[in-house]
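K.L.:
Submitted below is the structure of interest, expressed as structure tokens.
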């Protein structure tokens with residue numbers, strides 16, 4: 036008897052995937068120049084050479100039995116200490132190695148953090164627009180995900196709706212800033228207001244409400260943008276990070292969960308994550324990857340192209356008449372669809388012009404579309420006139 | 036509110052861990068020569084140089100954006116095809132790439148395979164002695180693990196008890212051969228008998244019963260031993276493999292799930308595993324690790340030391356009067372404790388002689404103890420007289 040639950044899920048491709056697949060078919064049929072793929076959030080710049088050099092050096096100089104041996108259940112001690120030190124220096128925190136749990140990317144961090152603080156009967160709140168994988172991440176814990184509708188004027192938090200949706204069953208709130216798909220960064224004002232509501236509700240309900248922060252885009256913030264370190268502003272928080280975007284190595288599955296040292300039961304949460312791994316079969320990330328990350332802990336890829344692309348695309352599309360909240364980071368922007376049905380709009384863009392963009396419906400925010408501009412600037416330059424053409428067609 | 040379920044688990048160290056920790060304390064106090072650590076199943080021989088060379092070559096010659104980029108959800112196509120080809124050539128199977136799902140070690144493979152075929156209300160049967168992590172692996176699916184008592188005369192399957200314990204709720208049977216902790220390999224006769232019972236029970240219950248084979252020790256089989264490829268003998272089977280022991284890289288977390296092409300719904304199971312990953316946050320293994328494995332798919336570390344150690348230790352301890360079923364593979368053996376309480380026996384060995392061995396209670400087989408002989412042969416030579424001394428002390 037195979038699981039009907041998972042069987043019924045197979046074959047139901049995500050909308051993003053459908054657009055991606057269409058782009059491949061079109062490229063095969065009409066040639067690669069017929070497609071302008073803005074559908075996927077894959078870093079387009081290389082990992083720093085220093086990282087590959089660190090890997091090579093480890094392979095050449097370390098004892099292979101130790102190098103490739105089991106990492107301790109709660110992660111390589113030197114890696115944990117190195118991550119803690121870097122966060123403390125950069126953000127004025129007081130992490131110790133014991134608060135850091137290396138994980139297989141942000142997906143691994145979120146799946147552990149959510150299981151630490153949510154289970155059957157609990158509610159986790161998040162904010163539209165949001166990364167669609169939050170649904171299985173949260174459902175995997177037994178809890179329910181409920182989504183606070185977007186504030187589409189700024190893509191900051193819709194506090195009115197949020198306050199209405201708070202209830203005693205809320206054990207965790209999950210935020211993603213810098214945000215996929217909006218490209219917006221929550222301001223210090225937004226985070227302070229969120230923290231004050233959570234503090235008040237903790238008091239009212241008589242239990243902790245954990246703030247889980249999904250931060251894979253933390254290093255992708257544009258110049259001059261206010262980007263607070265959320266855990267500095269709210270104690271019951273767990274930061275979930277991935278090196279995928281900052282170091283351009285999403286396939287290597289390396290990230291971490293950092294438990295706020297001031298959180299209630301802070302010293303329990305990493306050991307709990309170690310227990311959770313036993314149930315999900317999700318052990319530590321690769322040993323060599325943990326050790327290599329130490330050597331580039333404060334480095335990033337050259338991320339300047341994302342800001343350059345953002346500027347170019349935002350200015351051109353705004354001038355053409357698209358309504359866009361100006362992105363503050365990431366490699367996404369999230370314009371309003373000129374017709375109410377963004378799905379129809381995106382299919383028209385794909386089929387008639389080869390512009391591959393994805394509808395906001397996937398992010399629980401219909402009527403908008405996402406452009407992923409982690410592409411060569413030249414692709415953007417060639418695509419700009421097509422966006423104008425598209426606007427004229429609808 | 037943090038999870039009480041996981042919180043209560045923290046601090047409850049495994050018995051194996053307690054012995055391991057004692058060995059470190061003792062070494063710190065009395066010097067490293069005062070300890071003979073036989074508690075841990077960590078490979079003691081290096082990865083083949085060819086693997087490190089393959090990694091270096093990939094780092095130096097591949098486009099870094101592609102090399103470190105996301106692997107497709109169901110794994111690197113070339114890696115999948117390479118694993119299938121190797122299994123087909125070696126075992127006369129007909130795997131295609133679509134039947135292979137690369138995972139983070141055997142833990143990852145088992146957690147996916149079990150979720151494919153077991154859930155709430157189901158029973159999974161396994162056989163003592165067994166790897167204690169099977170409990171959380173199975174409970175993580177919502178199913179219950181029930182354990183068939185050991186046949187301690189041979190550590191093959193206790194078929195009488197097995198047949199008694201079969202019931203319509205059994206959706207999967209989980210076996211581990213070559214076996215941790217017994218060192219025994221199930222013979223062709225054992226597997227054929229198991230298969231015929233499963234076929235009969237499938238008929239009787241009107242549903243499939245999947246055989247999940249946990250095979251991290253597949254390449255660690257001693258000369259002349261009959262070691263059938265289980266999936267050749269039973270169609271509804273999923274093979275769960277890890278390269279950890281054969282290539283001595285347990286920290287790198289690389290293995291796979293191979294779905295028997297003749298299994299019911301064979302073509303669904305890998306796509307289902309892709310869905311399961313979304314709920315556990317357990318994505319593909321590291322991209323570079325998948326690609327490097329291709330280059331050493333039919334290689335192993337020099338595993339001969341394990342057989343040499345087995346021979347030496349088995350002959351010496353048997354001559355001393357220990358009752359041992361002769362190991363046929365792995366780097367474990369599982370002698371009978373000379374006193375009924377193996378826990379007491381192992382603590383005496385540790386405290387009075389520095390011999391670190393672990394009681395069979397951890398493997399649901401009281402009255403026995405496990406010796407892990409993945410150590411330098413010289414350690415075994417020095418320890419042999421101490422085993423004799425120990426026998427005289429009890």
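Chains as they are written, first to last, in our numbering: chain A, 36 to 429; chain B, 36 to 429. Idealized CB from N, CA, C, for every residue including glycine. Computed from a prediction, not measured in an experiment: that's the story for all the values here.
1. Taking 8 Å as the limit between beta carbons, can you name the residues of its chain near residue 95 of chain B, skipping five residues before and five after?
2. If I measure Cβ to Cβ from residue 409 of chain A and keep anything under 7 Å in the same chain, skipping five residues before and after, which residues do I get?
3. Does residue 412 of chain B have its Cβ less than 8 Å from a Cβ in chain A?
4. Within the 8 Å Cβ cut-off, does residue 300 of chain B reach chain A?
5. Give every residue of the same chain whose Cβ lies closer than 7 Å to the Cβ of residue 351 of chain A, excluding the five residues on either side of it in the sequence, and list them in chain order.
6. Give, in chain order, every unbroken run of the alpha helix (DSSP H) that is at least 4 residues long and sits entirely within the stretch 291 to 353 of chain A.
7. Taking Cβ-Cβ distances shorter than 9 Å, what residues in chain D pair up with residue 159 of chain A?
8. Between which two residues does the beta strand (DSSP E) harbouring residue 169 of chain A extend?
9. Compare the C-alpha of residue 322 of chain A against each of B/286, B/254, B/313 and name the closest.
10. Using 8 Å as the threshold, is the stretch 155 to 174 of chain B in touch with the stretch 206 to 214 of chain B, meaning 3 or more CB pairs across them?
11. How many angstroms separate the CA atom of residue 144 of chain B from the CA atom of residue 306 of chain B?
12. Tell me, please, whether the CB atom of residue 82 of chain A is closer than 8 Å to any CB atom in chain B?
13. Looking at chain B, is there any beta carbon in it that lies within less than 8 Å of the beta carbon of residue 267 of chain A?
14. Quick check on residue 37 of chain A - is its C-beta less than 8 Å from some C-beta in chain B?
15. With DSSP collapsed to three states, give me the class of residue 181 of chain A.
16. Under 8 Å, with one C-beta from each stretch per pair, do the stretch 108 to 123 of chain B and the stretch 229 to 245 of chain B reach the 3-pair mark?
17. Looking at C-beta atoms only, is the number of pairs between the stretch 287 to 307 of chain A and the stretch 157 to 167 of chain A that lie closer than 8 Å three or more?
18. Assign residue 405 of chain A to one of two classes, buried (16 or more other C-beta atoms within 10 Å of its C-beta) or exposed (fewer than that).
19. What number of angstroms, rounded off, separates the C-alpha of residue 82 of chain B from the C-alpha of residue 328 of chain A?
20. To the nearest angstrom, how far is the alpha carbon of residue 58 of chain B from that of residue 389 of chain B?
21. Compare the Cα-Cα distances from residue 233 of chain B to each of B/218, B/194, B/345, B/141 and report the closest residue.
22. Taking the alpha carbon of residue 182 of chain A as the reference point, which residue from A/51, A/175, A/199, A/188 has its own alpha carbon closest?
23. If you follow the beta strand (DSSP E) that residue 160 of chain A is in, where does it begin and where does it stop?
24. Could you work out which residues of chain B lie near residue 91 of chain A, taking near to mean beta carbons separated by less than 9 Å?
25. Any idea which residues DSSP pairs residue 247 of chain B with across the strands?
26. Which class does residue 428 of chain A belong to by DSSP, given the choice of helix, strand or coil?
27. Using 8 Å as the cut-off, can you tell me whether the stretch 384 to 402 of chain A makes contact with the stretch 60 to 73 of chain B, which would need three or more C-beta pairs spanning the two stretches below that distance?
28. With residue 194 of chain A as the anchor, note down where its alpha helix (DSSP H) starts and where it stops.
29. Just to make sure I have the definition right: I need the residues of chain A whose C-beta is within less than 9 Å of the C-beta of residue 115 of chain B. Which are they?
30. Buried or exposed for residue 142 of chain B, going by 16 or more other Cβ atoms inside 10 Å?
31. If we count the other Cβ atoms within 10 Å of its Cβ and call it buried at 16 or more, is residue 65 of chain B buried or exposed?
32. According to DSSP, simplified to helix, strand and coil, what is residue 253 of chain A?
33. Find the residues of chain A that neighbour residue 64 of chain B, judging by a C-beta separation of less than 7 Å, and give them in chain order.
34. Locate the beta strand (DSSP E) running through residue 407 of chain B, then write down its first and last residues.
35. First and last residue of the alpha helix (DSSP H) that includes residue 226 of chain A?
36. Output, in sequence order along the chain, the residues in the stretch 312 to 325 of chain A whose CB is closer than 9 Å to any CB in chain B.
P.N.:
This is what the structure holds:
1. The answer is none, since no qualifying residue turns up.
2. Closer than 7 Å at the Cβ level, and outside the excluded window around residue 409 of chain A, lie 76, 77, 78, 79, 341, 366.
3. By this cut-off, residue 412 of chain B is not an interface position.
4. Interface residue, yes.
5. Answer for residue 351 of chain A: 419, listed in chain order.
6. Runs found: 301 to 315, 322 to 329.
7. Included in the structure are the protein chains A and B, with no chain D among them.
8. For residue 169 of chain A, no beta strand (DSSP E) encloses it; the enclosing alpha helix (DSSP H) starts and ends at 169 to 174.
9. Comparing Cα positions, the closest option is B/286.
10. A contact between stretches requires three or more CB pairs, one per stretch, nearer than 8 Å, and the stretch 155 to 174 of chain B meets this requirement with the stretch 206 to 214 of chain B.
11. Here the alpha carbons of residue 306 of chain B and residue 144 of chain B stand approximately 14 Å from one another.
12. Chain B contact via Cβ: present.
13. No, no contact with chain B.
14. Closer than 8 Å: yes.
15. Strand.
16. Taking a cut-off of 8 Å for Cβ pairs, the stretch 108 to 123 of chain B and the stretch 229 to 245 of chain B do not touch, as fewer than three such pairs fall below it.
17. Three or more beta-carbon pairs separated by less than 8 Å are not found between the stretch 287 to 307 of chain A and the stretch 157 to 167 of chain A, which leaves the two stretches without contact.
18. With 16 or more Cβ atoms within 10 Å of its Cβ, residue 405 of chain A is classed as buried.
19. A direct Cα-to-Cα measurement between residue 82 of chain B and residue 328 of chain A gives close to 22 Å.
20. So the two alpha carbons sit approximately 7 Å from each other.
21. Here the closest residue by C-alpha is B/194.
22. The option with the nearest alpha carbon to residue 182 of chain A is A/199.
23. Unbroken beta strand (DSSP E) run through residue 160 of chain A: 158 to 162.
24. What residue 91 of chain A touches in chain B: 90, 91, 94, 95.
25. Paired residue(s): B/209, B/273.
26. Helix.
27. No, the stretch 384 to 402 of chain A does not touch the stretch 60 to 73 of chain B.
28. Run containing residue 194 of chain A: 194 to 200, per the alpha helix (DSSP H) assignment.
29. Within 9 Å Cβ-Cβ: nothing; residue 115 of chain B doesn't reach chain A, min ~15 Å.
30. Buried, because 16 or more other Cβ atoms sit within 10 Å of the Cβ of residue 142 of chain B.
31. It is exposed - the Cβ of residue 65 of chain B has fewer than 16 other Cβ atoms within 10 Å.
32. Reduced to three states, the DSSP call for residue 253 of chain A is coil.
33. At a C-beta separation below 7 Å, residue 64 of chain B has no neighbours in chain A, since its nearest C-beta there lies roughly 21 Å away.
34. 404 to 407 is the span of the beta strand (DSSP E), which, as asked, contains residue 407 of chain B.
35. Per DSSP, residue 226 of chain A belongs to the alpha helix (DSSP H) from 223 to 240.
36. Closer than 9 Å at the C-beta level to chain B, one finds these residues of the stretch 312 to 325 of chain A: 312, 313, 314, 315, 316, 317, 318, 319, 320, 321, 322, 323, 324, 325.
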